[in-house]
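First up is the structure itself, then whatever we jot down about it.
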Amino acid sequence: MEQIKSIEEEQYINEKPLLQEEEEEEDDDEEEEGTIYINEETELGREKIFISHAPEERIVPPLNFCPVERYLYRSGQPSPVNFPFLLNLNLKTIIWLANEEPQDSLLEFCDNYNISLQFAAINPDGGEDDNPWDGLTEHSIINALKTIVNVSNYPLLVCCGMGRHRTGTVIGCLRRIMGWNLASVSEEYRRFTGSRGGRILVELLIEAFDTKLVNIDESEAPEWLVKAIT
29 MEQIKSIEEE QYINEKPLLQ EEEEEEDDDE EEEGTIYINE ETELGREKIF
79 ISHAPEERIV PPLNFCPVER YLYRSGQPSP VNFPFLLNLN LKTIIWLANE
129 EPQDSLLEFC DNYNISLQFA AINPDGGEDD NPWDGLTEHS IINALKTIVN
179 VSNYPLLVCC GMGRHRTGTV IGCLRRIMGW NLASVSEEYR RFTGSRGGRI
229 LVELLIEAFD TKLVNIDESE APEWLVKAIT
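The sequence shown runs 29 to 258 under this note's numbering.
Rendered as structure tokens:
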């Protein structure tokens, strides 16, 4: 009998840790059920957070929007959904790089908020046979840069239809004036061209641009430009 009793005690001792582990697992399950965990993205505990109403206004930047330098920005053509965003920039000037006029909504926006909308036409003669997708001429680039190098026009937005090639051409020529090397200029240009990549003709135009054609009055130029050229 004593031998049988000792065997039973040994079995109980061996089974006890297993029983304790099962009890601990049950306690953990109960704790998980009673505990509220916060998901950082979409949930609070197991209750999803729903937005009952849309915000009063949406702050949406234009396509390919990006700051270039202090108070100088670039983008594609702004649409009405972008206007609340643009109001926060307190724009004084918008340079439109195209032969065709921008959307009526943009014209009205500029009129309502006293923003100067300057046209840097592809062809200064405004020929009817011009292709609106052609690149910029040297004349139009110089006109745009004359506006950019004068701080009285700031804050300033440079834009075209998609904010890619025409805008990239003008900004690339500005970088040349600032003393950037061609590799850095090309890298910045290609950053906005999308999956199709950049146009070799645009990069050649930027490379061949004569920066001496743009006269800069340091007393009227933005501070960041003066630092770059001195």
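Note that the Cβ used here is the ideal one computed from N, Cα and C, for glycine as well.
Could you tell me the alpha carbon to alpha carbon distance between residue i and residue j, rounded to whole angstroms?
| i | j | result |
| --- | --- | --- |
| Asp157 | Asn127 | Interpretation of Asp157 is limited by its pLDDT of 41, a score under 50 that renders its predicted location unreliable; no figure is taken from the coordinates. |
| Glu216 | Asp132 | 30 Å |
| Glu97 | Ala256 | 11 Å |
| Gln146 | Leu119 | 13 Å |
| Ile170 | Leu114 | 25 Å |
| Ser247 | Ser144 | 22 Å |
| Asn116 | Thr165 | 32 Å |
| Leu210 | Gly196 | 13 Å |
| Leu233 | Phe220 | 17 Å |
| Glu235 | Ile205 | 11 Å |
Considering Cα atoms alone, identify which of the options is closest to residue i.
| i | options | result |
| --- | --- | --- |
| Ile122 | Ile176, Leu229, Arg86, Asp245 | Ile176 |
| Ile87 | Arg102, Pro106, Asn110 | Asn110 |
| Lys240 | Ser103, Lys174, Leu125 | Lys174 |
| Leu311 | Ile199, Tyr101, Pro108, Leu233 | Residue 311 is absent from the model: the chain starts at 29 and stops at 258. |
| Phe137 | Gln105, His167, Leu125, Glu166 | Gln105 |
| Ile244 | Asn178, Glu231, Asp238 | Asn178 |
| Leu202 | Val254, Met190, Thr221 | Val254 |
DSSP three-state label for residue i, please.
| i | result |
| --- | --- |
| Pro250 | coil |
| Phe147 | strand |
| Ser107 | coil |
| Ala126 | coil |
| Asp132 | helix |
| Asp139 | helix |
| Glu156 | Summary for Glu156: the model assigns pLDDT 42, below 50, so the residue's position carries little reliability, and this model does not support an answer. |
| Val198 | helix |
| Thr239 | helix |
| Thr175 | helix |
| Val213 | helix |
| Leu164 | coil |
| Arg86 | coil |
Could you name the residues that DSSP lists as bridge partners for residue i?
| i | result |
| --- | --- |
| Gly231 | Per the sequence shown, residue 231 should be read as Glu rather than Gly. Per DSSP, none; premise fails for Glu231. |
| Glu97 | Leu100 |
| Thr121 | Ser144, Leu184 |
Could you tell me whether the Cβ of residue i comes closer than 8 Å to any Cβ of chain B?
| i | result |
| --- | --- |
| Ile143 | Chain labels in this structure do not include chain B; a single protein chain is all it has. |
State yes or no: is the C-beta of residue i nearer than 7 Å to some heavy atom of the ligand ATP?
| i | result |
| --- | --- |
| Asn92 | Because no ligand of any kind appears in the structure shown, any question about the ligand ATP cannot be addressed here. |
Compute the distance between the beta-carbons of residue i and residue j, then report whether it is under 8 Å.
| i | j | result |
| --- | --- | --- |
| Val213 | Gly200 | yes |
| Met190 | Leu91 | yes |
| Phe11 | Ser107 | Nothing can be reported for residue 11: it is not among the residues displayed for the chain, which extend from 29 to 258. |
| Arg218 | His193 | no |
| Ala148 | Ser180 | no |
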